[in-house]
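If you read the sequence shown in numbering that gives the first Met the number 0, its first letter stands for residue 0, the second for the next number, and so on. No residue lacks a Cβ here, since even glycine has one placed at the ideal position from N, Cα and C. Quantities reported herein were computed from a predicted structural model and do not represent experimental measurements. Heads up, the thing below is written out as structure tokens.
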Amino acid sequence: MTVTIVGAQLGDEGKGGVVDLYGDTADVVARYQGGDNAGHTVVHDGEKYKLSLVPSGAVRGKVGVLGNGCVINPRTLFDEIESLREKGLDPDVRVAERAHVILPFHRVLDGIEEDVKSEDDQEVGTTGRGIGPTYEDKAGRRGVRVGDLLDPDVLRDRLEYVVPQKRALIEDVYGADVSELDDPDAFDVDALFEEYREIGERLAEQNMTVNASAFLTDAMAEGKTVMFEGAQGTIIDIDHGNYPYVTSSNPTAGGAAVGTGLSPNVIADGEIIGIVKGYLTRVGSGPLPTELGGVEGDTPDYDEQGDGENEELATYIREEGGEYGTVTGRPRRVGWLDMPMLRHSARVNGFTGLAINHIDVLAGLDEVKIGHSYELDGEELLAMPPTTEEWGRCEATFKTFDGWDDVDWAAVAEEGYDAIPENARTYLEYISDELDAPIYAVGVGPGREETVVVETPTGAA
Ligand code: IMP
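This is how it looks when you write it as structure tokens:
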């Protein structure tokens, strides 16, 4: 059996910590989408590890697999592996030959397109890592795959086809002067060929490339436990999120099958754990009906939504929860928990269990709210609507809960679920009832040991 970890909201729900917790008994931890736009902070033996590409299980000596659904920036990959080695770890990371490669021009194009969109307040607020342009080339059948790096002739052919197109795009459409870019080699076939051929040799020497589908199937046949680590979250899924304010991949559970080459039956036979943060944060643009307070200049179109006046409370939660982007350091927008969003998420993913994080961050508040439903054009909605325009007009109807005291959370984690303050349990059980999924874990602090474990998913036992 497998365990799939999925972000139920907008990313940054604390998935890394849960992967770390349940991944303990897993032999292999695989990512199935995204690239170095993800930010995973793992705290292990008092040491903080910030990873953006390497699966967080690698911190704990698991085999990490980057599946075919991922986009790989090899520069980041080797930098992260190197920094883990410097800290005394020996990560074993395998990369799918079918995964696509983020090339330097993808990052340049990501930045330029955001700049152009921002002239009309239409920017997505991407992480600038070249994610969208790389998936565009994948869908456009002009991408470079990891397997292509291993064969210099194929690599040269691919580059000779795609690079002149990108150069024409940046010069003729965007009017940029390539020679003035920070990385003028980003559009130079020969320079790219040399760098990426060498990367291919390095990947081959270190035996890092795999057929992910076969590798994972064999691992399971040998009785190994596989965990799938989703990056980002359901509401920024390209199909099920709030398009166009989304990432370009499928963080939802279905992505685990497509993005690794395992059958949907395998994923469905296992557990699918939804990771929920006890409140809401968002980096980047787009609606947020339960928003408490935004970040200046971030959301010009949606400032009216939510109780956006409540800057003080938003700032308090942001500081208590350390709500700054792991990858970019950007301050996150903050809101109350949003049930219509979570009901949509539960339907799309089919959660068999929930891990609810950051309950400690809300401690000490007199009252805590949850957006129970929306009102749109005089109608009550229990789940978020499919268009972002409609979602942007939704007004949240709140349910108010009594707050809970700040307590010794480490002791609570040790004693178990019943030691959680009663008002917090009421809050948690409301979420579980509404989503019809049991609580498997409650995060009460950043460390792995600061988690109340209620249930261990079967696949991880
Ligand atoms: P991209 O993935 O860099 O293209 O960014 C697209 C959108 O997804 C932006 O709103 C980003 O802020 C958001 N995003 C990407 N990765 C993460 C993440 O790991 N956590 C939260 N938001 C993310």
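With a contact defined as Cβ atoms closer than 8 Å, G352 and P263 miss out at about 19 Å. Contact annotation, A175 with I111: C-beta distance approximately 6 Å; criterion of less than 8 Å satisfied. The beta carbon of D217 sits no closer than 8 Å to any heavy atom of the ligand IMP.
Between the stretch 49–69 and the stretch 21–34 there are three or more inter-stretch CB-CB distances shorter than 8 Å, so the stretches are counted as touching. Using a Cβ distance threshold of 9 Å, L168 and V100 do not count as a contacting pair. In this structure, L364 places its C-beta atom within 9 Å of the C-beta atom of G402. In the DSSP secondary-structure assignment, I438 is bridged to L353. Ranking E389, G66, L9, C393 by CA distance to the CA of E374 puts C393 first. The shortest C-alpha to C-alpha distance from G33 to any of S178, E319, E228 is the one to E228. Excluding the 5 residues flanking it on each side, R141 has same chain C-beta neighbours closer than 6 Å at V161, in chain order.
Your pair G13 and K276 checks out as a contact, with CB atoms roughly 6 Å apart and the cut at 8 Å.
In its chain, beyond the 5 residues on either side, G15, L50, S55 have a beta carbon closer than 6 Å to the beta carbon of H39.
Residue pairing from DSSP places G33 in a beta bridge opposite C69. For F400, the uninterrupted beta strand (DSSP E) run begins and ends at 394–401, by DSSP. A contact between stretches requires three or more CB pairs, one per stretch, nearer than 8 Å, and the stretch 330–347 fails this requirement with the stretch 131–139. Considered as a whole, the stretch 125–198 harbours no complete run of any beta strand (DSSP E) with no fewer than 3 residues. The beta carbon of F192 lies closer than 7 Å to those of L154, R155, L158 in the same chain, with the five residues before and after it left out.
Rounded to the nearest whole angstrom, the C-alpha separation of I271 and V347 is 11 Å. In this structure, the alpha-carbon of V143 lies about 17 Å from that of R201. Rounded to whole angstroms, W408 and T208 show a C-alpha spacing of 42 Å. Per DSSP, the unbroken beta strand (DSSP E) holding D91 starts and ends at 91–95.
As far as DSSP is concerned, S55 takes part in no beta bridge. At the C-beta level, V2 and G253 stay beyond 9 Å of one another. In this structure, L9 has its beta carbon less than 8 Å from a heavy atom of the ligand IMP.
Among the bridge pairs identified by DSSP, L380 is matched with Y373. In the displayed model, V347 falls within a helix according to three-state DSSP.
Of the residues V107, L279, A218, the one whose Cα lies closest to the Cα of I234 is L279. Here H105 carries a helix assignment [DSSP, helix/strand/coil]. Taking E389 as the centre and dropping the five residues before and after it, the same chain places the C-beta of L375 closer than 8 Å to its C-beta, in chain order.
Setting aside the 5 residues that flank it on each side, S212 is surrounded in the same chain by G260, each with a C-beta closer than 6 Å to its C-beta; the list follows chain order. Closer than 8 Å to some heavy atom of the ligand IMP: that describes the Cβ of A230.
DSSP, reduced to helix, strand and coil, places K14 within a helical segment of the structure shown. Pairing N422 with H357, the inter-Cα distance amounts to about 15 Å.
Residue nearest to R329 within the set G127, G258, H371 is G127 (criterion: CA-CA distance). Remark: the shortest separation between the CB of I274 and any heavy atom of the ligand IMP does not fall under 8 Å. Between the ligand IMP and the CB of N36, the shortest heavy atom gap is smaller than 8 Å.
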